[in-house]
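One structure is given below, encoded as structure tokens.
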Amino acid sequence: MKLTRIKGFSDVLPGEVETWQRIESAAKRVFAGYNFKEIRIPVLEKSELFSRSLGESTDVIEKEMYTFADRDAKATLLSLRPEGTAGVVRAYGEGKLHQVEPVRKLYYLGPMFRRERPQKGRLRQFHQIGAEVFGRTDPFIDAELLLLLRDLWEELDLPQTVLEVNSIGCADCRPGYRAVLVAFLEGRRGELCADCDRRLENNPLRVLDCKRESCAGVVTAAPSILSHLCADCRLHFETVLDLLKDLRPEPLLNHRLVRGLDYYCRTTFEWKAGAGLGSQNTVAAGGRYDGLAQSLGGPPVAGVGFALGVERLALLLSEGDAGEPVAPLLYLAWMGEEAQRWTFSLAHRLRRQGLRVDLEGEGKSLKSQMRRAGKLGARVVLIVGPDEMTKGKALVRDMARKEQTEVDFANVDESLVEPFGPPRQPQASGQIT
Ligand code: ATP
Ligand code: MG
């Protein structure tokens, strides 16, 4: 039987993985500039964490989670995480981070799991890079997160993206809007899909988010939440918009942008790709969730965050992407056992100095080793055979210039480390401690 991967799960092979690495290191650089710290949380959590945080009536909880009973006596239900926020909020409370310093700026990256219908830009195991900020209720941090994402797009040279923003109000003003919306939707109930008919009862705001054409038609005429915000929510939202006024293209107001979950409040947003992803065009999405930590039994700490889809970003970037710059390759060609041992230990010394070095494990003709060096894209090939061993000299061939020089064994390390070694000064780019 031929074993294949599971539907909706995918491998990231060399050739594609370079783009992923570039995304990850750009994200780490940008997060470092905004003073975010990384957090790593488990892939598996108690199912209850997700049902309580995302809400029972969401698609993710109703039909998309990978859930199974553990082998303990109580057969505890566990789920592969469908998103990162719930776990980070749990870890923040459980790790008592608020007792030391309530204001935290955290980021994570890793796989998420949702049993959706796979298509371009939509997988069952996908990857997110996400950020969560705790302990800040001010609009400046909402704007900061959006600017952070803009900086990341710039760092990655992402083709044009558009930011859509909305405010979904708070516990004070949303019930009023909800009543107005329900009254409007009741009048057009016949035009709504079956899902939305149900949503109208338990989560009417989610109707605004429905992708079906029939519902979208109804929703364009629906009253906008933006004209029902209370004074505080209005001021918060206006400040966010004002802080983003230099953004180009300008942010679009989209009153249909609701996260639809009870704990979300005020700012919600999505960054959309201009082209290239079809209907899966949302690259990053997020919002404010001031009530979430407390509703999970944690401290009453405000939160705001986003998650971006790595696969979707990679699709937008992959064409012609060379990934992160890597050190030039040195290829050591050897003939004969003595030369093999000599190049084996030279390779080891050079690698310890930070050079990228490769060589064969079995004897091959010089011609085939040169062909392989060319395939690997080696910048320089060092050639050592029985003659060179006798003379104590190696041939060093510059592949681009097609020039060959002889170097004494005594000077070989130095002559290679000098031009091809890492820069002398210590550098911290892309590394976060
Ligand atoms: P969509 O409307 O595209 O289903 P969503 O609202 O379910 O997105 P979020 O839960 O907000 O998405 O996740 C944030 C980001 O994660 C999305 O904007 C997208 O880039 C990515 N993402 C979500 N689900 C998937 C998936 N199944 N496959 C690949 N990427 C995904
Ligand atoms: Mg979805």
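So for the sequence shown, the working numbering puts the first residue at 1; every next one is plus one.
Even glycine gets a Cβ: it sits at the ideal position worked out from N, Cα and C.
As the structure is a prediction and not an experimental result, all values here were calculated from the model.
Whole runs of the beta strand (DSSP E) within the region 95-129, excluding any shorter than 3 residues
Listed in chain order, the complete beta strand (DSSP E) runs (minimum 3 residues) inside the region 95-129 are 104-113.
Please return the same chain residues whose Cβ sits closer than 7 Å to the Cβ of G421, not counting the five positions on each side in sequence.
What you label residue 421 is simply residue 421 of the sequence shown in a count that begins at 1. Cβ within range, chain order: Q353, G354, L355.
How is C265 classed by DSSP in three states: helix, strand or coil?
What you label residue 265 is simply residue 265 of the sequence shown in a count that begins at 1. Note: C265 maps to strand in three-state DSSP.
Complete alpha helix (DSSP H) runs within the region 26-94 (minimum length 4 residues, chain order)
47-54, 85-94
Check this for me: beta carbons of E414 and K393, under 8 Å apart or not?
The residue given as residue 414 occupies position 414 in the sequence shown. The residue given as residue 393 occupies position 393 in the sequence shown. Not closer than 8 Å, so no.
Is it buried or exposed for M1, if we count other Cβ within 10 angstroms and need 16 for buried?
Numbered from its first residue, the sequence shown carries residue 1 at position 1. By the neighbour-count criterion, in which a residue is buried when 16 or more other Cβ atoms sit within 10 angstroms of its Cβ, M1 is exposed.
Selection from A86, V133, L123 that minimises the alpha carbon distance to P102:
Sequence index remark: in the sequence shown, residue 102 carries index 102 (1-based). Of A86, V133, L123, the residue nearest in Cα terms is V133.
Pairs of beta-carbons, one from the region 110-126 and one from the region 289-299, closer than 8 Å: are there three or more?
no
Please work out which residues of its chain come closer than 7 Å, Cβ to Cβ, to H255, disregarding the five sequence neighbours upstream and downstream, and give them in chain order.
The count along the sequence shown starts at 1 and reaches residue 255 at position 255. Closer than 7 Å at Cβ, skipping near neighbours: N166, S224, I225, L226.
Take P204 and list the residues in its own chain whose beta-carbon comes closer than 8 Å to its own, dropping the five residues that flank it on each side.
Numbered from its first residue, the sequence shown carries residue 204 at position 204. Non-local beta-carbon contacts of P204 in its own chain, meaning distances under 8 Å to residues more than five positions away in sequence, involve R178, L181, V182, L185 in chain order.
For Q160, count neighbouring Cβ atoms within 10 angstroms of its own Cβ and tell me buried if that reaches 16, exposed if not.
In the sequence shown, counting from the first residue as 1, residue 160 sits at position 160. Counting C-beta atoms within 10 angstroms of its own C-beta, Q160 has fewer than 16 neighbours from the protein chains shown and is therefore classed as exposed.
The beta strand (DSSP E) that contains N166, what's its start and end?
Counting from one through the sequence shown, the residue named residue 166 turns up at place 166. Start and end: 161-167.
In its own chain, which residues sit with a C-beta less than 8 Å from the C-beta of N202, not counting the 5 before and 5 after it?
Sequence index remark: in the sequence shown, residue 202 carries index 202 (1-based). Closer than 8 Å at the Cβ level, and outside the excluded window around N202, lie S57.
Closest Cβ-Cβ distance between E324 and chain B: below 8 Å?
No chain B is present in this structure, which holds just one protein chain.
Looking at the strands, I want to know which residues DSSP matches up with R188.
Looking up residue 188 in the sequence shown gives position 188. Partner(s): none; R188 has no beta bridge.
Using a threshold of 8 Å, state whether the C-beta atoms of L243 and A143 are closer than that.
As a working note, residue 243 is residue 243 in the sequence shown. As a working note, residue 143 is residue 143 in the sequence shown. Using a Cβ distance threshold of 8 Å, L243 and A143 count as a contacting pair.
Using three-state DSSP, classify K272 as helix, strand or coil.
Looking up residue 272 in the sequence shown gives position 272. Three-state result, K272: strand.
Check whether the Cβ of F126 sits closer than 7 Å to any heavy atom of the ligand ATP, and report yes or no.
For the purposes of this step, residue 126 is identified with residue 126 of the sequence shown, where counting begins at 1. Yes.
Where does the unbroken alpha helix (DSSP H) through G217 begin, and where does it stop?
Locating residue 217 in the sequence shown gives position 217, counting from the first residue. From DSSP, the alpha helix (DSSP H) with G217 extends over 213-220.
Rounded to whole angstroms, what is the Cα-Cα separation between F9 and W20?
Within the sequence shown, residue 9 is the residue found at index 9, counting from 1. Within the sequence shown, residue 20 is the residue found at index 20, counting from 1. One C-alpha to the other measures close to 16 Å.
Report yes if the CB atom of Y331 is closer than 8 Å to the CB atom of V381, and no otherwise.
Numbered from its first residue, the sequence shown carries residue 331 at position 331. Numbered from its first residue, the sequence shown carries residue 381 at position 381. In contact: Y331 and V381 (Cβ atoms closer than 8 Å).
D358 - containing beta strand (DSSP E), residue span:
Within the sequence shown, the letter at position 358 stands for residue 358. Taken as a continuous stretch (DSSP letters only), the beta strand (DSSP E) holding D358 covers 356-359.
On a CA-only basis, which of S25, R81, G93, D72 is nearest L296? Give me that one, please.
Along the sequence shown, one-based indexing puts residue 296 at 296. The residue with the shortest Cα to Cα distance from L296 is G93.
The ligand ATP heavy atoms versus the CB of A285: any closer than 7 Å?
Numbered from 1 along the sequence shown, position 285 holds the residue referred to as residue 285. Yes, the ligand ATP has a heavy atom inside 7 Å of this Cβ.
Would you check whether the ligand ATP has a heavy atom nearer than 7 Å to the C-beta of L205?
Here residue 205 corresponds to residue number 205 of the sequence shown, with the count starting at 1. Answer for L205: no, Cβ out of range of the ligand ATP.
May I have the straight-line CA-CA distance separating R206 from I39, to the nearest angstrom?
Taking the sequence shown and counting its residues from 1, one reaches residue 206 at position 206. Taking the sequence shown and counting its residues from 1, one reaches residue 39 at position 39. Roughly 30 Å between the two C-alpha positions.
So does A307 have its beta carbon nearer than 7 Å to some heavy atom of the ligand ATP?
Working through the sequence shown from its first residue, we reach residue 307 at position 307. Short note on A307: C-beta closer than 7 Å to some heavy atom of the ligand ATP.
Apart from the five residues just before and just after L3, which ones in its own chain have a Cβ nearer than 6 Å to its Cβ?
Translated into positions along the sequence shown, residue 3 becomes position 3. Excluding sequence neighbours, L3 sits near nothing in its chain.
Once DSSP output is grouped into helix, strand and coil, what is the label at Q340?
The count along the sequence shown starts at 1 and reaches residue 340 at position 340. In this structure, Q340 counts as helix in the three-state DSSP scheme.
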